[in-house]
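The block underneath contains the structure these notes are about, expressed in structure tokens.
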Amino acid sequence: MKVLFLVQKEQRAILDRLYDGVAANCECDLRWLTSEDQRNLRRYFKREVQVERYDRIVFFLRFKQEIRQVAFIRTVPNLVILEHDAYQNYIPCKYTGKFSAHYRQLPWARVISSGYMVSERLRQEGFDAVFVPKGYDEQLLADQGRERDIELAFVGSVNSVAYSGRKALLDELGQVENLLVTRTKSGEDYCNTLNRIRFFVSADVGMGEYMIKNFEAMACGCVLLAYDQGEEENRALGLEDMHNVVFYDNIPTLQEKLRRLRAAPELARQIAENGRHLAVSRFSFAAVGRSIVDHMRPALRPHPPLSAWQRLRLTLGI
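Residues in the sequence shown are numbered from 0 upward in steps of one, following numbering that gives the first Met the number 0.
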């Protein structure tokens, strides 16, 4: 299977190993699109792409740019959309409902979503949606076996509307526990910091799926204290409370479980080890990349023939 994989050149997250994981499982033509390329996909395709060469064309681009170019995207054959932010379709934010509206105009495209319940909801709306979780970069992040001198912490961003629930919960927890909230550089600095943390607080409040930080913290050997996203999401990921993760849905529950774990350090150690094993076995970017390819292989829904006007615009590149 020959795949054209279009990704963002300027992106905060380091996802190179994910792209390697995809490329290892298919004949992959990986293209890094600049912001300018993404703003004018019609021009980029006219200049750089022969669509007939590919069995699948995968978009992993800025949603903000995709929704402005539906007229062109509707002409792209064998389209697969990889999406890590479709949870915003179902939470109060500027993109509420906009993913559904976008996909409604591309009913033949396959959507690979990183949330199990998000993919279920999209399927219930009639879309060809499948689930492949987020993961972590196994070449950058691992348990170093070092002393954990930070007991309770969160590492990451709280400065966006989508993270407002995260910030509120962390602020509330910081009133009653000695919680470190910090940011680091990506890569080695981030890995070193995670390896100093005993209990990592994940606060994906109201998101309906688990963000990438959960898998990164687990892989680095932290005890993951995760805001509970629901039984079905947990089952799909293999997450089990007090076995490989610690779930909470409010601050008192989190504090009660923390007290239990502080009094039983061997239990905490075992939960961390079970979580690390799960992350390494299922959520490395090598494994996630392989799953992405497996989910794009089945036949796509039929794409309707292009109109005369669409064919003319493609020919002229306008």
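Even for Gly, the Cβ is constructed at its ideal location relative to N, Cα and C.
query, result
"Tell me whether the beta-carbon of Glu-65 lies closer than 8 Å to the beta-carbon of Phe-58.", "yes"
"From Leu-193 to Ile-211, what distance separates their C-alpha atoms?", "13 Å"
"Where DSSP assigns a beta bridge to Ile-196, which residues make up the other side?", "Ile-149"
"If you reduce the DSSP assignment to three classes, tell me which class Val-6 lands in.", "strand"
"When you compare only the Cα positions, how much space is there between Gly-237 and Leu-277?", "8 Å"
"Run the proximity test for Leu-178: is its beta-carbon closer than 7 Å to any non-hydrogen atom belonging to the ligand NAP?", "Looking for the ligand NAP in the displayed structure turns up nothing, as the structure carries no ligands at all."
"Run through DSSP, which three-state label would Ile-90 get?", "coil"
"Specify the secondary structure class of Val-222 as computed by DSSP and reduced to three states.", "strand"
"For Ser-35 versus Met-0, is the C-beta distance shorter than 8 Å?", "A small fix is needed here, since residue 35 is Glu in this sequence, not Ser. It is not a contact, given that the beta carbons lie outside the stated cut-off."
"Taking the alpha helix (DSSP H) that Thr-181 belongs to, which residues open and close that run?", "No alpha helix (DSSP H) holds Thr-181; the beta strand (DSSP E) holding it covers 179-181."
"Here's a check: name, in chain order, each residue in its chain whose Cβ is nearer than 8 Å to the Cβ of Glu-9, leaving out the five neighbours to either side.", "Thr-33, Ser-34"
"Compute the Euclidean distance between the alpha carbons of Leu-140 and Cys-190, then round it to the nearest angstrom.", "5 Å"
"Would you identify the three-state DSSP class for Lys-184, choosing helix, strand or coil?", "coil"
"What do you reckon, are the CB atoms on Val-287 and Val-131 nearer than 8 Å?", "yes"
"When the Cβ atoms of the region 212-222 are set against those of the region 12-25, are three or more pairs found closer than 8 Å?", "no"
"Considering just the uninterrupted stretch of the alpha helix (DSSP H) at Tyr-43, what are its terminal residues?", "40-47"
"For the putative contact between Asn-243 and Gly-274, defined by C-beta atoms under 8 Å, what is the C-beta separation to the nearest angstrom?", "4 Å"
"Could you spell out the range, first to last residue, of the alpha helix (DSSP H) harbouring Val-110?", "No alpha helix (DSSP H) contains Val-110, which is instead part of the beta strand (DSSP E) from 109-112."
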